[in-house]
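Okay, so here's the structure we're looking at.
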Amino acid sequence: MGRRGIAERIGGWSARHARAAALIWVAFVAAAIGGGSLVAERTLTDSQSADGQSARAEQIIDNAGFPKTASESVLVQSRRWTISDPAFRSTVAAVVATLDGNADVHRLRSPLGSPAGRVSRDGHSALVEFDLRGDAAATEDQVPPILAAVDRLQRAHPGFTIGELGDASAAYQLDNTIGKDFKRAEILTLPVTLVVLLFAFGALVAAGVPVLLAFSAVLASIGLARVVSHVVPASDSTSSIILLIGMAVGVDYSLFYLRREREEAAALRAALPEGVRPTRRQRAEVLRIAAATSGRAVLVSGVTVMVAMAGMLLVGDHTFTSIGVAAMLVVFAAMVGSVTVLPAVLAMLGERVERGRIPFLHRLGRRGAGPGAWTRLVGAVNRRPLAALVVSGGTLVALAVPAIGLRTQLPGFDSLPASIPVVATYDRIQAAFPGAPAPAVVVVKAPSVRSAAVRSGIARLERAATASGEMSGPFSVQVNPRGTVALVTVPLQGDGEDAASTAALHTLRDRVIPGTIGAVPGTEVAVTGETAGSADFNAALSRTVPMVFALVLGLAFLLLVITFRSLVMPATAIVLNLLSVAAAYGILVLVFQHGVGGGLVGLTHTTAITSWLPLFLFVILFGLSMDYHVFIVSRIKELHDRGLPTTEAVATGITATSGTVTSAAAVMVGVFAIFASLSAIDLKQVGVGLAAAILLDATVVRGVLLPATMTLLGERNWYLPSCLRWLPRAHVHEAARAPAPSMTTIRP
Numbered sequence: 040m041g042r043r044g045i046a047e048r049i050g051g052w053s054a055r056h057a058r059a060a061a062l063i064w065v066a067f068v069a070a071a072i073g074g075g076s077l078v079a080e081r082t083l084t085d086s087q088s089a090d091g092q093s094a095r096a097e098q099i100i101d102n103a104g105f106p107k108t109a110s111e112s113v114l115v116q117s118r119r120w121t122i123s124d125p126a127f128r129s130t131v132a133a134v135v136a137t138l139d140g141n142a143d144v145h146r147l148r149s150p151l152g153s154p155a156g157r158v159s160r161d162g163h164s165a166l167v168e169f170d171l172r173g174d175a176a177a178t179e180d181q182v183p184p185i186l187a188a189v190d191r192l193q194r195a196h197p198g199f200t201i202g203e204l205g206d207a208s209a210a211y212q213l214d215n216t217i218g219k220d221f222k223r224a225e226i227l228t229l230p231v232t233l234v235v236l237l238f239a240f241g242a243l244v245a246a247g248v249p250v251l252l253a254f255s256a257v258l259a260s261i262g263l264a265r266v267v268s269h270v271v272p273a274s275d276s277t278s279s280i281i282l283l284i285g286m287a288v289g290v291d292y293s294l295f296y297l298r299r300e301r302e303e304a305a306a307l308r309a310a311l312p313e314g315v316r317p318t319r320r321q322r323a324e325v326l327r328i329a330a331a332t333s334g335r336a337v338l339v340s341g342v343t344v345m346v347a348m349a350g351m352l353l354v355g356d357h358t359f360t361s362i363g364v365a366a367m368l369v370v371f372a373a374m375v376g377s378v379t380v381l382p383a384v385l386a387m388l389g390e391r392v393e394r395g396r397i398p399f400l401h402r403l404g405r406r407g408a409g410p411g412a413w414t415r416l417v418g419a420v421n422r423r424p425l426a427a428l429v430v431s432g433g434t435l436v437a438l439a440v441p442a443i444g445l446r447t448q449l450p451g452f453d454s455l456p457a458s459i460p461v462v463a464t465y466d467r468i469q470a471a472f473p474g475a476p477a478p479a480v481v482v483v484k485a486p487s488v489r490s491a492a493v494r495s496g497i498a499r500l501e502r503a504a505t506a507s508g509e510m511s512g513p514f515s516v517q518v519n520p521r522g523t524v525a526l527v528t529v530p531l532q533g534d535g536e537d538a539a540s541t542a543a544l545h546t547l548r549d550r551v552i553p554g555t556i557g558a559v560p561g562t563e564v565a566v567t568g569e570t571a572g573s574a575d576f577n578a579a580l581s582r583t584v585p586m587v588f589a590l591v592l593g594l595a596f597l598l599l600v601i602t603f604r605s606l607v608m609p610a611t612a613i614v615l616n617l618l619s620v621a622a623a624y625g626i627l628v629l630v631f632q633h634g635v636g637g638g639l640v641g642l643t644h645t646t647a648i649t650s651w652l653p654l655f656l657f658v659i660l661f662g663l664s665m666d667y668h669v670f671i672v673s674r675i676k677e678l679h680d681r682g683l684p685t686t687e688a689v690a691t692g693i694t695a696t697s698g699t700v701t702s703a704a705a706v707m708v709g710v711f712a713i714f715a716s717l718s719a720i721d722l723k724q725v726g727v728g729l730a731a732a733i734l735l736d737a738t739v740v741r742g743v744l745l746p747a748t749m750t751l752l753g754e755r756n757w758y759l760p761s762c763l764r765w766l767p768r769a770h771v772h773e774a775a776r777a778p779a780p781s782m783t784t785i786r787p
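If you want it as structure tokens, here you go:
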């Protein structure tokens, strides 16, 4: 029978020892969940989340022993009155008295007693500032009463706008809006996936198996990620990434395997006399063929996806490292589950996998897997491959062109929906006190920041910042208990992320600081804040992105060369995948920067693309696109190795896999579309980018570009120079090349 591949050996053992394999998987999932529940998740600190000079500034702050208090501001604003009017002053006094009566409020700063920087230039706006007692991370119970008191003040003074802004109030309101919004998306993911799979299989059990396996892989990965976080700290988005990627690849891999098993089972039944049931040995042969073909494709695809995800580890940014490790964990779990426990489940279920049939959907699913629209499409492409290549390739290039104008920024308040009260207050404070809501923070470290030289340097810093015209008050200085570190807040012109803010940051770092506090002997000065963090992140990313692209593309190329023993096929795969990624970039720019079709996804205003998104999308999309490519081309190569000419193998292979690819893409698009409906702009961009790219990849790329390219290349698809003939030959079991005695030829 010959040497068997690893996927076939694993699948064969699992099918023969089904109960043991299932118990091992259950034990693994339970152990991962249990292990995760026993340890507290270790998350990234502010310094670990930052880059460049911002990271150094945050590190100094972390080690300085500053009280971890939350600072808040209440805006009092009137179009009619100014701070000099009694009505305005009495309203401010009422706000101060209300806050002063709250036991959780301390260090109250009133614009009435010390107006410097707390009253706008036109006098129509004033800020009442205060801190919350206790640790900033434990404000859940302190914030609601204060927000309620501010709401009562607003109702009692209808001629004024009164609103609160601060880290604590923002976290509370966002958790009650964005947080609940995201939890709704997590809950919807399972039913949406199940509905799509019901259309694919038409049976409850068959549809439930991939969902159950994918979700168990997600749960196991979340538990493992909590343990791994003590080596690689987790980011805030770790669990979300695991859910998003895990459900996508987990369902994909199970779907690839299960559909092939169902096809082989149908071929076996058709070959047997009517009324004769398959023997146990024949059913084992069906599972072995599925393992040798789709199981092998899952292994190759999974390794390729993990190679792509590993590119994020090269960025040198802790957030990317966290996301990369989380994504690799869940892909590995989904891949292992698909080639181990899935054959065991199918062996135990047998024909019962078709139970719970929904007649209409079952007939629809069977038609979708056979000849139909895809057959006609591929036939038309094969008749005129050059025209198909030009039209489809030109369409993707046209979609990619807007990506030339792609602008990036880290997400801030302007990326949140204006319906959230804290966001509206942020916008008002930003308009009245430019730069005040998100100022630059100048971190000064010295043996004694209370010394005359340091205090004089800080005073010169404030004067030089104001004189530049790019910065203005209110300035504030906070000193740590040891007197070794001072934090000087410097509001920058602009909205924190625009060209004006970036220019002001460069002026502060390159001109103001070196000529003032930076010139004081014995001081170390670094600047952090939202604008600085975004600038430093973009600078770090621009240095590492070329290396990440080169490594991901290079390793993927080598892996595919070994898999398909061809130089042409890997090159084609990389070009096609890059086209779909570039088109996704272009669509993001059209929607979010130019507002084209923004209403369809609930976009209320145009904005830049989130800084980390382009690289994240490249890595994720390159990996997910490889899923389809490896699955389809593996079938084409299988048919070609059985003796079919390339053109016929392409047509048959794409038609045979069309139902599976369509179903898998529908699951991904459905899940990603849920994220596109969320309120937060960065998550909306993730959903739109992933959904658009997968939709294009599964239709235009795999349905038109791939067959057109392979048809034009013909036998050159399999070109391998003689100097590389030593490469190991990927093994395909004989049963996948020729029919078993009791079975008809493998067919879609």
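Residue numbers for the sequence shown, in this note's numbering: 40 to 787. Each residue gets a CB set at the ideal place from its N, CA and C atoms; glycine is no exception.
DSSP on residue i, reduced to helix/strand/coil?
{"i": "Q181", "result": "coil"}
{"i": "Q116", "result": "strand"}
{"i": "A408", "result": "Its pLDDT being 44, under 50, A408 is placed unreliably by the model, and the measurement read from it follows with that caveat. A408 falls in the helix class under three-state DSSP."}
{"i": "I201", "result": "strand"}
{"i": "Q724", "result": "helix"}
{"i": "E164", "result": "The displayed chain sequence assigns Ser, not Glu, to residue 164. Reduced to three states, the DSSP call for S164 is strand."}
{"i": "H56", "result": "coil"}
{"i": "T318", "result": "coil"}
{"i": "G44", "result": "coil"}
{"i": "G51", "result": "helix"}
{"i": "E563", "result": "strand"}
{"i": "L229", "result": "helix"}
{"i": "A6", "result": "Residue 6 is absent from the structure shown; the chain starts at 40 and stops at 787."}
{"i": "T82", "result": "strand"}
{"i": "R157", "result": "coil"}
{"i": "E773", "result": "In this prediction, E773 scores a pLDDT of 38, lower than 50, which makes its location untrustworthy; no coordinate-derived value is stated."}
{"i": "A242", "result": "strand"}
{"i": "P787", "result": "Its pLDDT being 29, under 50, P787 is placed unreliably in this model, and the value from its coordinates should be taken loosely. Note: P787 maps to coil in three-state DSSP."}
{"i": "P780", "result": "Confidence at P780 is low in this model, with a pLDDT of 34, below 50, so the placement of that residue should be treated as unreliable; the coordinate-derived value is given next. Correct three-state label for P780: coil."}
{"i": "V270", "result": "coil"}
{"i": "A463", "result": "helix"}
{"i": "A475", "result": "coil"}
Considering only C-alpha positions, which residue in the set the options is nearest to residue i?
{"i": "P106", "options": "R58, L763, G173", "result": "G173"}
{"i": "G641", "options": "V620, E754, E569, L717", "result": "L717"}
{"i": "F655", "options": "H56, L381, A621, A372", "result": "A621"}
{"i": "T699", "options": "R55, L237, R191", "result": "L237"}
{"i": "A70", "options": "E303, T583, T332, A259", "result": "A259"}
{"i": "V113", "options": "A142, V189, D143", "result": "V189"}
{"i": "V131", "options": "V743, A690, L151", "result": "L151"}
{"i": "A94", "options": "V708, A565, A539", "result": "A565"}
{"i": "L455", "options": "T216, L580, G44", "result": "T216"}
{"i": "F254", "options": "V288, I63, R118, L297", "result": "V288"}
{"i": "S293", "options": "G202, A485, V375", "result": "V375"}
State the CB to CB distance for the pair residue i and residue j, rounded to an integer number of angstroms; the pair is presumed to be in contact (CB under 8 Å).
{"i": "V392", "j": "V248", "result": "7 Å"}
{"i": "S664", "j": "S619", "result": "6 Å"}
{"i": "I675", "j": "A688", "result": "5 Å"}
{"i": "G389", "j": "T583", "result": "The Cβ separation is near 51 Å, so there is no contact."}
{"i": "H163", "j": "T108", "result": "Not really, about 29 Å apart at Cβ, beyond 8 Å."}
{"i": "T570", "j": "A471", "result": "Not a contact, Cβ separation roughly 19 Å."}
Using DSSP bridges, identify the partner residues of residue i.
{"i": "F169", "result": "E111"}
{"i": "T447", "result": "I648"}
{"i": "Q517", "result": "L526"}
{"i": "E501", "result": "Per DSSP, none; premise fails for E501."}
{"i": "R219", "result": "Checking the displayed sequence, the identity of residue 219 turns out to be Lys instead of Arg. Paired residue(s): none; K219 is not in a bridge."}
{"i": "T137", "result": "In DSSP, T137 forms no bridge with anything."}
{"i": "D148", "result": "The displayed chain sequence assigns Arg, not Asp, to residue 148. E168, per the DSSP bridge assignment."}
Any Cβ of chain D within less than 8 Å of the Cβ of residue i?
{"i": "L388", "result": "The chain labelled as chain D is not found in the depicted structure, where only one protein chain is given."}
| query | In chain order, which continuous runs of the alpha helix (DSSP H) of length 4 or greater are located wholly inside the stretch 300–348? | reply | 319–329
| task | Could you name each continuous alpha helix (DSSP H) segment of 4 residues or more that falls completely within the stretch 344–393, going from the start of the chain to the end? | result | 357–388
| query | What are the complete alpha helix (DSSP H) segments, minimum 4 residues, inside the stretch 532–564? | reply | The qualifying runs are 538–546.
| request: Could you tell me which uninterrupted alpha helix (DSSP H) segments, each at least 4 residues in length, are contained entirely in the stretch 668–731, listed from first to last along the chain? | output: 685–715
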